[in-house]
Amino acid sequence: MIETVDVALRSCFLSPASEPQLTTPDEVHEATRGLKVTKAPGPNCLPNRALKHLHRRAVSLLARIFNAVLPTHHLPPTWKHARVISILKPGKDPALPSSYRPISLFDTIGKLFEKILLVRILQVVNERGLLRDEQFGFRPNHRTLLQQALPVERITRNFGENGLNGAVTLDVAKAFDTFWIDGLLYKLTLLKFPSYIVHNISSYLKDRTFEASFQTATSSRRSMRAGVAQ
């Protein structure tokens with residue numbers, strides 16, 4: 157399986173990528189409107205509130221930057237560098253590392269580019285019907301209450317038919333930490349995603365770095381440590 161994936165990805169990345177769907181200042185401006193001002197900024201310390209009030213000329217410059225990234229598939233390293241902070245979970249022992257929830261804060265301009273790329277990904281997904289109706293996460297018009305109502309409706313219906321019901325739930329610990337990036341890229345090639353999207357996702361997911369700040373139980377002094385996210 158690994159050899160098959162390697163061969164397919166090697167062929168994909170050695171071949172010329174498809175022509176990208178470029179962005180416009182209007183699209184970038186619309187993307188800034190959806191930014192949440194309560195989100196903390198990343199290492200660049202540029203808050204979303206500032207992006208939402210950019211002058212038209214600045215928005216046009218951002219569009220030019222994004223249009224340089226889309227065909228070259230080269231995301232700037234600063235967009236892939238996270239500032240990781242640790243939040244103590246309520247009621248947990250501060251002396252235990254497992255008591256903290258890590259939060260990764262990325263460059264806000266890089267996050268804006270993510271929104272531009274996501275539009276293109278969802279366009280392909282929706283046009284080809286690649287998501288099941290039962291997929292509720294990160295989809296418009298799919299509320300949590302509707303997801304809860306679905307199993308209730310099916311259980312009620314089965315009681316009327318044969319009285320038998322069964323359910324299996326899975327909670328995969330640290331699922332994203334063990335995610336196989338090449339496996340995802342391989343599936344995207346099988347689904348015939350535009351190759352420029354595959355190239356950009358590959359650049360987005362690989363060679364990510366971070367700096368972590370933490371606070372010990374006996375001291376309020378903060379320390380910084382840098383690393384590479386595999």
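Note that the sequence shown covers residues 157 to 386 in this note's numbering.
Every residue, glycine too, gets a C-beta built ideally from N, C-alpha and C.
Computed from a predicted structure; not experimentally measured.
Residue i - DSSP class collapsed to helix/strand/coil
| i | result |
| --- | --- |
| Pro172 | coil |
| Phe366 | strand |
| Ala323 | coil |
| Val240 | strand |
| Leu261 | strand |
| Asn356 | helix |
| Lys208 | helix |
| Arg378 | Bear in mind that the predicted position of Arg378 carries a pLDDT of just 48, short of 50, making it unreliable; the figure below should be weighed with that in mind. Residue state, collapsed to three classes: strand. |
| Gln138 | Residue numbering for the chain in the displayed model covers 157 to 386; residue 138 lies beyond these limits and cannot be assessed. |
| Ala214 | helix |
| His229 | coil |
| Phe269 | helix |
| His298 | coil |
| Leu278 | helix |
| Glu309 | helix |
| Gln386 | Residue placement at Gln386 is poorly supported in this model, since its pLDDT is 47, which falls under 50; the coordinates still yield a value, given next. Three-state result, Gln386: coil. |
| Gly339 | helix |
| Val161 | helix |
| Pro181 | helix |
| Glu283 | helix |
Closest residue to residue i among the options (Cα-Cα distance)
| i | options | result |
| --- | --- | --- |
| Gln303 | Asn200, Glu290 and Glu270 | Glu290 |
| Gly285 | Leu268, Phe349, Thr264 and Glu309 | Phe349 |
| Pro246 | Ser254, Asp363 and Val275 | Ser254 |
| Val193 | Lys208, Glu186, Leu341 and Cys201 | Lys208 |
| Leu226 | Ile357, Leu301 and Lys236 | Ile357 |
| His211 | Asp249, Val184 and Asn200 | Val184 |
| Arg205 | Leu191, Gly198, Arg213 and Lys271 | Leu191 |
| Leu361 | Ile259, Pro232, Pro203 and Cys168 | Pro232 |
| Glu186 | Val163, Val215 and Ala196 | Val215 |
| Lys271 | Thr188, Ile241 and Thr325 | Thr188 |
| Ala224 | Ala238, Pro176, Ala251 and Val240 | Pro176 |
| Val280 | Phe292, Leu347 and Asn297 | Leu347 |
| Pro203 | Thr300, Leu301 and Lys267 | Lys267 |
| Asn200 | Thr234, Thr300, Arg213 and Leu170 | Thr234 |
beta-carbon residue i near the ligand SAM non-hydrogen atom, thresh 7 Å
| i | result |
| --- | --- |
| Glu183 | The model on display carries no ligand, and the ligand SAM is accordingly not part of it. |
Identified DSSP bridge partners for residue i
| i | result |
| --- | --- |
| Tyr256 | Leu244 |
Sequence-distant residues of the same chain with beta carbon closer than 7 Å to residue i, five excluded per side
| i | result |
| --- | --- |
| Ser174 | Pro350, Ser351 and Tyr352 |
| Ile404 | Missing from the structure shown is residue 404; the chain here goes from 157 to 386 and no further. |
| Thr312 | none |
| Val354 | Cys168, Leu341, Leu344 and Thr345 |
| Val324 | none |
Residue-level contact to chain D via CB, residue i, 8 Å cutoff
| i | result |
| --- | --- |
| Val215 | In the displayed structure, chain D is absent; only one protein chain is listed. |
Close Cβ partners of residue i (< 6 Å) along its chain, the five nearest in sequence each way excluded
| i | result |
| --- | --- |
| Phe269 | Phe222 |
| Lys236 | Arg364 |
| Asp249 | Ser255 |
Close Cβ partners of residue i (< 8 Å) along its chain, the five nearest in sequence each way excluded
| i | result |
| --- | --- |
| His230 | Ser359 |
| Thr228 | none |
| Leu320 | Asn314 |
| Ser242 | Tyr256, Arg257, Pro258, Ile259, Ala368, Ser369, Phe370 and Gln371 |
| request: For the segment 213 to 229 and the segment 165 to 181, state whether three or more C-beta atom pairs, one from each stretch, are separated by less than 8 Å. | output: yes
| query | So does the segment 256 to 276 actually touch the segment 338 to 345, counting three or more Cβ pairs closer than 8 Å? | reply | no
| request: Check whether the segment 273 to 284 touches the segment 304 to 313, taking contact to mean three or more Cβ pairs, one atom from each stretch, closer than 8 Å. | output: no
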